[in-house]
Amino acid sequence: MKLPLRYNFRSLLRRKTRAAMTAGGIGLAVLVAVLMLALATGLTNSIRDTGHPLNALVTSKGAETIEFSAIDPAVLEVLRFSPYVAAAEDRPLASPEVFFTTQAEIAPGREPTQALVRGVLPVALGVHDQVRLSAGRFPDQPGEIMVGPLVATKLDVPGERLAIGQSLDLEGTSWKIVGEFAAPGTAFESEIWGPLDDLMVATRRSELSSIVLRATNAAALDEMLFDFATRTDVLVEVRPETAYYAAYAEAFRPVQIMVYVMAGMLTLGGVFIGMNTLFAAVMSRIREIGVLRTVGYHRRDIALSFLIESLIPALVGGALACVIALGANGFALRIPMGAFRFDVGPQLLAIGMGLSVLIGILGAAWPLWRSARLKTVDAIRHL
Amino acid sequence: MKFLPFAFKSLARNPVRALLTLLGVAVAIFLFTGVVSLDQGMQRMLTNSSGDDILVVFDKYQGCPPLSKLPISHQGQVADLPGVADTMATLFLLSSCSRATDLVAVHGIEPGKFRDFRKIDLPDEQYRTFAQERGAAIVGEQIARTYGWEVGQGVTLEKLGGVSFTIRGIFRAPGSSLENAILVDLDYLQFATQQVGTMTLLMTKISDQAGSGAVAERIDTMLASSSSPTKTSPEQSFIATAISGVTGIIGFSRWLGYVALGIILIGVGNSLAMTIRDRTREFAILKTLGFQRGHVLGLVITEAALASLLGGTLGASLAWLAVNRSSLTLSVEGFTITPYVSPELVLWAIALAGILGTLAAVFPAIRASRLRIVQALREVD
Amino acid sequence: MNPVVDIRNVHKIYTRGSEKLDVLKGVTIQVAQGEFLALMGPSGSGKTTLLNLMAGIDTPTSGDVTVNGRDIGKMGEDQLAAWRTRNVGYVFQSFNLVPVLTAYENVELPLLLLPIDRKRRHEQVMTALEVVGLAERKKHLPSQLSGGQEQRVAIARAIATDPALVLGDEPTGDLDRENAESMMELITTLCQEFQKTFVIVTHDPKVAERASRVLHMDKGILVENQPAQGKSAPPAESRQ
Chain A
41 MKLPLRYNFR SLLRRKTRAA MTAGGIGLAV LVAVLMLALA TGLTNSIRDT
91 GHPLNALVTS KGAETIEFSA IDPAVLEVLR FSPYVAAAED RPLASPEVFF
141 TTQAEIAPGR EPTQALVRGV LPVALGVHDQ VRLSAGRFPD QPGEIMVGPL
191 VATKLDVPGE RLAIGQSLDL EGTSWKIVGE FAAPGTAFES EIWGPLDDLM
241 VATRRSELSS IVLRATNAAA LDEMLFDFAT RTDVLVEVRP ETAYYAAYAE
291 AFRPVQIMVY VMAGMLTLGG VFIGMNTLFA AVMSRIREIG VLRTVGYHRR
341 DIALSFLIES LIPALVGGAL ACVIALGANG FALRIPMGAF RFDVGPQLLA
391 IGMGLSVLIG ILGAAWPLWR SARLKTVDAI RHL
Chain B
750 MKFLPFAFKS LARNPVRALL TLLGVAVAIF LFTGVVSLDQ GMQRMLTNSS
800 GDDILVVFDK YQGCPPLSKL PISHQGQVAD LPGVADTMAT LFLLSSCSRA
850 TDLVAVHGIE PGKFRDFRKI DLPDEQYRTF AQERGAAIVG EQIARTYGWE
900 VGQGVTLEKL GGVSFTIRGI FRAPGSSLEN AILVDLDYLQ FATQQVGTMT
950 LLMTKISDQA GSGAVAERID TMLASSSSPT KTSPEQSFIA TAISGVTGII
1000 GFSRWLGYVA LGIILIGVGN SLAMTIRDRT REFAILKTLG FQRGHVLGLV
1050 ITEAALASLL GGTLGASLAW LAVNRSSLTL SVEGFTITPY VSPELVLWAI
1100 ALAGILGTLA AVFPAIRASR LRIVQALREV D
Chain C
21 MNPVVDIRNV HKIYTRGSEK LDVLKGVTIQ VAQGEFLALM GPSGSGKTTL
71 LNLMAGIDTP TSGDVTVNGR DIGKMGEDQL AAWRTRNVGY VFQSFNLVPV
121 LTAYENVELP LLLLPIDRKR RHEQVMTALE VVGLAERKKH LPSQLSGGQE
171 QRVAIARAIA TDPALVLGDE PTGDLDRENA ESMMELITTL CQEFQKTFVI
221 VTHDPKVAER ASRVLHMDKG ILVENQPAQG KSAPPAESRQ
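Protein chains in written order, with the numbering used here: chain A, 41 to 423; chain B, 750 to 1130; chain C, 21 to 260.
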């Protein structure tokens, strides 16, 4: 670093609008790239922890998803007494559940919106221990429900509409919200939970969607999976809960690929903007470069100096982008599967700054090569 | 404009800058077009639905089609109502309601009536074979392409409970969700999925368009106290409600499109400001030769517009190629949205590039035209 | 004593595309320490090229260029750059200074390439500025200096590392009479009092007047050899 940094700072400040526009353009590109990555991260994070490593998910034979599964409740009586099932306070951790989508009535005159509903028994909190009551109480009386933090986003209503004490119309009857729960990192957050029997009556179904069972330990889980799959007294489909939700995440893969492609294009856009500016800087200082060479500076000293001059606006733009992106952290967006939160964490911010550095370096590549090719004799003759 | 050849030559004098500006615009327009294509795909799907004379009778509370199980008896009752011209029952079988990609959808329809309700592009021969043969199916071009299916092929869908069929035709229905669907006979599907006597929805053609609201109400009232109460709505609003789950994503992607445009403004504006600075002397000389303010302004703006239009053309064309060739789709509630770049969108994107490029040029151009000759000639760098 | 500059039978051919330009056609010249040599001649005579060869900015196509005892004709780019810092000072006709750096910072530039500490560097910068009489303008940017002052700062930078050889390509070309005069005073002083060797390419006969020796070039060769009526006596002979 033979050439002083102030040389670059002052050269940049000489053309303030130009430096600002370069930083701004690169910053915008980085901002969008970071937000897209936050979207992709948010999507995967929203369901990442849904499956518990010791849980087994039972559905009817041939059902790919719990929405299309129908299990005879009698099956529960058989499975819950399996020796592999863990117990808490003397009752087996086996959770019978119905899961369905329904059109919820928000307000008269307003189009109903899709809601995700799960009918459960209190044992569900033991089996899905990521779910914690955060306000109010568990809905164990008919006509009661509790809501996760992303339900408001899913239903496209303000949070207050789903406060404790409010009501929601589902399947033709009114349900009172008596509790709120939190289950970070799980798909449950965009669900409405209510009493199993009551919801089965309301949806006129006599069969369960799924039974989720907690195994005593990892070895027991393996045994349980094998046992349930091969039993002859009941015919069911069983898999590790983690595997079920991993398949879920697979659906996000194309989105992730698209996000990466777009982030790449945005980076490219940033490179073009930065390169354009640095080119102009180099071309307007050819004589200056010649003088510096005459004084004894090496090509690489001068190249390094211009590289830094390219990095400064890129880093400034990138830093600004990261600060703005932070503001979007936690922003909730609804998707067909439910809802998710944008996740802007330290890792992502590091990637954002990394992208800025990449833009700064790539944007300097061609101008630097051109400046290195300059012969001193020609440079001093310039202008 | 008369400045065009001059503008071309001016751009060519700094080819690197012209290229970088052009490429910057191209990238941004590519992104913009790609993002709007999602919106367009959705619009196309909505407008391609058959129009105001078709109502859809659906389960009142369900969102997910396979969970809407209406008894076939509803069809007879609806058909008898005044104002109803014809009805067709459909049974849906889907691989998933919530997964947004890789959707496999089977529609059990009434072959005799289907073509009265929906337009598909298929040789009559093939359709007749399909209508008469048990276990025959016709599939949409999109899904045929995804799985590499051919006419005559026998397919078994493991994911959907082992339903099997033989493909007797591959049809086209541009812009419609049907292109991603497999059509089989209703009775056949009912039997194969052990749902005899069930349908997912009832398509209802009404005789008088003006009375559609009244007919819908009549249907719902009549069936309100049955085992499966219904909600009847015009097909377009039915689909709109069904896909409303993606409005969040589409809204977000629209925002992305705007930012992409902002990047154009900055990129071109910056490039142009640099060009003007470099050519200060040249503009001053032009002025001594008699060019007026307006001329210099026109020159600068023409250059910016030119670079932007070229870049926009490149970006929009690439997007047109990439999106329309790709098999990326977004599925929601059994409907598939295919991103689509229409020729109008390409033209609109190019025009937008030109407009933005011109806009970005305004301030630097005004500055350039205002330069006083003496000052400009003295300015050394 | 060995000459500071010893150039023997040097040729320089420039290839521009398919064109070949014979710029120097067998030049031999020696410059002794403390000499003030003026190189004159019409445009295209090759005088600037010869100067650049002495400066190590360019290398000969054939022949030997020895400056300060080093054969620089065969050195590589990077080597030459490092060599230039300690051995050569160069003053251009115009645009010598980096516009965003102050007079002080401009003079400091070559010193930043040497392994000396800050204190010593500061001393050398101030010394150079004082010699050219611009110490109180050290914080001024080139835009805040007059043409004459800019050139003097250029000289200060040229001597900052205490090189044996100082070269100038029409250093008074852009200056008015008065400034040109004072610049020549400065150069003469540096020459005589500090035993610096100067080679100046010039059109100006008044500059040539001050030189201890004047050489003329035309079409790539030396054409004349004239001792000047200047203040320094030519210590060595030169051949054609």
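All C-beta atoms in this analysis are idealised placements derived from N, C-alpha and C, irrespective of residue type, glycine included. No experiment lies behind these values; they were computed from the predicted model shown.
{"Check": "Endpoints, the alpha helix (DSSP H) within which Q50 (chain C) is located", "Outcome": "Where Q50 (chain C) is concerned, there is no enclosing alpha helix (DSSP H), although the beta strand (DSSP E) it sits in stretches over 39–51."}
{"Check": "Runs of alpha helix (DSSP H) wholly within the region 800–865 of chain B (minimum 4 residues, chain order)", "Outcome": "822–828"}
{"Check": "Residue range of the unbroken alpha helix (DSSP H) whose run includes F49 (chain A)", "Outcome": "45–54"}
{"Check": "Chain A residues whose Cβ lies nearer than 9 angstroms to that of T217 (chain C)", "Outcome": "In chain order: nothing, as chain A lies at least about 17 angstroms away."}
{"Check": "Contiguous alpha helix (DSSP H) assignments of at least 4 residues, all confined to the region 157–226 of chain A", "Outcome": "164–167, 191–195"}
{"Check": "Neighbourhood of Q1006 (chain B) by C-beta, 6 angstroms cutoff - its chain only, sequence neighbours within 5 removed", "Outcome": "Before going on, a small fix: residue 1006 (chain B) reads as Gly here, not Gln. Here the set comprises F781, V784, V785."}
{"Check": "Pick from B:T850, B:S913, B:L804, B:F779 that is closest to A287 (chain A), judged by C-alpha positions", "Outcome": "B:T850"}
{"Check": "Beta-carbon proximity of G314 (chain A) to T62 (chain A), cut-off 8 angstroms", "Outcome": "yes"}
{"Check": "Range of the contiguous alpha helix (DSSP H) that encloses R1003 (chain B)", "Outcome": "996–1027"}
{"Check": "Option nearest S324 (chain A) by Cα separation, candidates A:L239, A:A419, A:L347", "Outcome": "A:A419"}
{"Check": "Cα-Cα separation between R197 (chain C) and M60 (chain C), rounded to whole angstroms", "Outcome": "19 angstroms"}
{"Check": "Euclidean distance between Cα positions of P272 (chain A) and D237 (chain A)", "Outcome": "Strictly speaking, residue 272 (chain A) in this sequence is Thr, with Pro absent from that position. Each residue's Cα considered, the two are about 28 angstroms apart."}
{"Check": "Nearest-angstrom beta carbon gap, I1012 (chain B) and G65 (chain A) [assumed within contact, 8 angstroms]", "Outcome": "6 angstroms"}
{"Check": "Contact list for F319 (chain A) against chain B, beta-carbon separation under 8 angstroms", "Outcome": "V765, R766, L769"}
{"Check": "Identified DSSP bridge partners for Y34 (chain C)", "Outcome": "C:L41"}
{"Check": "Closer than 8 angstroms to chain A by CB, D1130 (chain B)", "Outcome": "Residue confidence is low: D1130 (chain B) scores 43 on pLDDT, short of 50, so the model does not pin down where it sits. No coordinate-derived value is stated."}
{"Check": "Residues within the region 175–204 of chain C neighbouring chain A, beta-carbon criterion of under 8 angstroms", "Outcome": "R177"}
{"Check": "Helix, strand or coil at S199 (chain C) [DSSP, three-state]", "Outcome": "Going by the sequence as given, residue 199 (chain C) is Asn instead of Ser. N199 (chain C): helix per DSSP, three-state reduction."}
{"Check": "According to DSSP, residues forming a beta bridge with M948 (chain B)", "Outcome": "B:L819"}
{"Check": "Residue-level contact to chain A via CB, N88 (chain C), 8 angstroms cutoff", "Outcome": "no"}
{"Check": "Reference S214 (chain A); option with closest CA among A:L190, A:A359, A:I146", "Outcome": "A:I146"}
{"Check": "Proximal residues of chain C, C-beta to C-beta of L423 (chain A) below 8 angstroms", "Outcome": "F115"}
{"Check": "Cross-chain neighbours of G960 (chain B) in chain A, by beta carbon under 8 angstroms", "Outcome": "Residues of chain A passing the Cβ test: none, with the nearest at roughly 22 angstroms."}
{"Check": "Contact set between the region 48–76 of chain A and chain C, restricted to residues whose Cβ is under 7 angstroms from the partner", "Outcome": "R50, S51, R54"}
{"Check": "Supposed close pair L772 (chain B), G1060 (chain B) - CB separation, criterion 8 angstroms", "Outcome": "7 angstroms"}
{"Check": "Coil, strand or helix - R141 (chain C) by DSSP", "Outcome": "helix"}
{"Check": "Residue span of the beta strand (DSSP E) that contains A140 (chain A), given as start and end", "Outcome": "As written in the sequence, residue 140 (chain A) is Phe, which differs from the Ala given in the question. Run containing F140 (chain A): 134–144, per the beta strand (DSSP E) assignment."}
{"Check": "Given F292 (chain A) as reference, the closest of A:F380, A:S174, A:I391 once Cα atoms are compared", "Outcome": "A:F380"}
{"Check": "Partner residues on chain A for M1023 (chain B), Cβ-Cβ distance less than 8 angstroms", "Outcome": "R58, N316, T317, A320"}
{"Check": "CB contact below 8 angstroms: R381 (chain A) versus chain C", "Outcome": "no"}
{"Check": "Among C:C211, C:K216, C:I27, C:V227, the one whose alpha carbon lies nearest that of G89 (chain C)", "Outcome": "C:I27"}
{"Check": "Reduced DSSP secondary structure (H/G/I, E/B, other) of A1102 (chain B)", "Outcome": "helix"}
{"Check": "Residue from B:A922, B:Q939, B:P923 whose Cα sits closest to the Cα of S913 (chain B)", "Outcome": "B:Q939"}
{"Check": "Backbone CA spacing between S230 (chain A) and C846 (chain B) [nearest angstrom]", "Outcome": "16 angstroms"}
{"Check": "Near-chain A residues of the region 951–983 of chain B (beta-carbon distance less than 9 angstroms), N- to C-terminal order", "Outcome": "S976, S977, P978, K980"}
{"Check": "Assumed close pair Q143 (chain A), Q811 (chain B) - CB separation to whole angstroms, cut-off 8 angstroms", "Outcome": "7 angstroms"}
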